[in-house]
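Numbering (the UniProt record's numbering), first residue to last: 1 to 229. One structure is given here, and the rest of the page talks about it.
Okay, here's the thing in structure tokens:
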């Protein structure tokens, strides 16, 4: 079993970085965004470089992500793990905090050195109005490099998360080449919608506000072989 999340991600896209890795739907807005492995890797690298070069963070530092399942959330989490930050859930002091624009009020429960807000815009456009005390993640991250060399050491967080991911992938019977459709409203845990599929080298179709009447047609259109709904 791999013990490094960055390596698991790299292995998941190594065979063909140009193929679709993550397809995002939001049935409330009609949004559909498709990212290749290479495109997501660029966002992950930019995020890690933002954390290391701009925020001066690294192994042993902590991050919080007040974010729903989303393709940009995948970039944030994988960027944090590549830079060897520990992503924590419990409110308290952290070194960096990422929050969706509609969750910045909840960020008051966290003490953070750096704060980034995400509009989660379909086209990753800058925010029209940045919440006080926050920087716009999209604006800040774009200026950073497309390549990042992850820290090779595996931390305790990596080992624990990947053990859970491997177990969940086995439970879902995921295999390389599968395409997993996930109702993110019912399965918001990153183990389900991100890490278990990556560990199994499975591509993702993430559906927010899933319209059940579209499930059969979407399964056929996206050639989903597994579903978590």
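We treat Cβ as the ideally placed atom computed from N, Cα and C, and that holds for glycine.
Residue(s) in a DSSP beta bridge with residue i
{"i": "residue 20", "result": "36"}
{"i": "residue 86", "result": "62"}
{"i": "residue 114", "result": "96"}
{"i": "residue 31", "result": "26"}
{"i": "residue 73", "result": "Answer by DSSP bridge pairing: none, since residue 73 is not bridged."}
{"i": "residue 182", "result": "206, 228"}
{"i": "residue 135", "result": "116"}
Residue i to residue j span [Cα, whole Å]
{"i": "residue 5", "j": "residue 81", "result": "7 Å"}
{"i": "residue 87", "j": "residue 220", "result": "35 Å"}
{"i": "residue 90", "j": "residue 105", "result": "16 Å"}
{"i": "residue 111", "j": "residue 93", "result": "4 Å"}
{"i": "residue 126", "j": "residue 138", "result": "6 Å"}
{"i": "residue 213", "j": "residue 153", "result": "46 Å"}
{"i": "residue 63", "j": "residue 162", "result": "18 Å"}
{"i": "residue 124", "j": "residue 141", "result": "11 Å"}
{"i": "residue 170", "j": "residue 224", "result": "17 Å"}
{"i": "residue 49", "j": "residue 76", "result": "11 Å"}
{"i": "residue 73", "j": "residue 67", "result": "6 Å"}
{"i": "residue 196", "j": "residue 188", "result": "13 Å"}
{"i": "residue 1", "j": "residue 129", "result": "With a pLDDT of 49 at residue 1, under the threshold of 50, the modelled position of that residue is not reliable, and no figure is offered here."}
{"i": "residue 166", "j": "residue 148", "result": "25 Å"}
{"i": "residue 122", "j": "residue 164", "result": "30 Å"}
{"i": "residue 132", "j": "residue 109", "result": "15 Å"}
{"i": "residue 228", "j": "residue 43", "result": "26 Å"}
{"i": "residue 208", "j": "residue 192", "result": "14 Å"}
{"i": "residue 120", "j": "residue 201", "result": "25 Å"}
{"i": "residue 10", "j": "residue 107", "result": "32 Å"}
{"i": "residue 134", "j": "residue 36", "result": "29 Å"}
{"i": "residue 172", "j": "residue 116", "result": "34 Å"}
Residue i and residue j closer than 9 Å at C-beta
{"i": "residue 45", "j": "residue 146", "result": "yes"}
{"i": "residue 194", "j": "residue 78", "result": "yes"}
{"i": "residue 157", "j": "residue 8", "result": "no"}
{"i": "residue 210", "j": "residue 177", "result": "no"}
{"i": "residue 25", "j": "residue 218", "result": "yes"}
{"i": "residue 182", "j": "residue 215", "result": "no"}
{"i": "residue 118", "j": "residue 100", "result": "yes"}
{"i": "residue 23", "j": "residue 34", "result": "yes"}
{"i": "residue 38", "j": "residue 18", "result": "yes"}
{"i": "residue 144", "j": "residue 54", "result": "yes"}
{"i": "residue 226", "j": "residue 174", "result": "yes"}
{"i": "residue 83", "j": "residue 150", "result": "yes"}
{"i": "residue 97", "j": "residue 71", "result": "no"}
Rounded Cβ spacing between residue i and residue j (contact assumed at less than 8 Å)
{"i": "residue 203", "j": "residue 69", "result": "Actually they do not touch by this definition, with Cβ atoms about 15 Å apart."}
{"i": "residue 136", "j": "residue 114", "result": "At roughly 13 Å, the Cβ-Cβ gap does not stay under 8 Å, so residue 136 and residue 114 are not in contact."}
Test: residue i CB closer than 9 Å to a CB of chain D
{"i": "residue 180", "result": "The chain inventory of the structure shown lacks chain D, comprising one protein chain alone."}
Any non-hydrogen atom of the ligand MN closer than 8 Å to residue i Cβ
{"i": "residue 58", "result": "Annotation note on the ligand MN: not contained in the displayed structure, which lists no ligands."}
Does the structure place the stretch 41-61 close enough to the stretch 22-30 that three or more beta carbon pairs sit under 8 Å? Counting C-beta pairs with one atom in each stretch, the stretch 22-30 and the stretch 41-61 have fewer than three that are closer than 8 Å, which means they do not touch.
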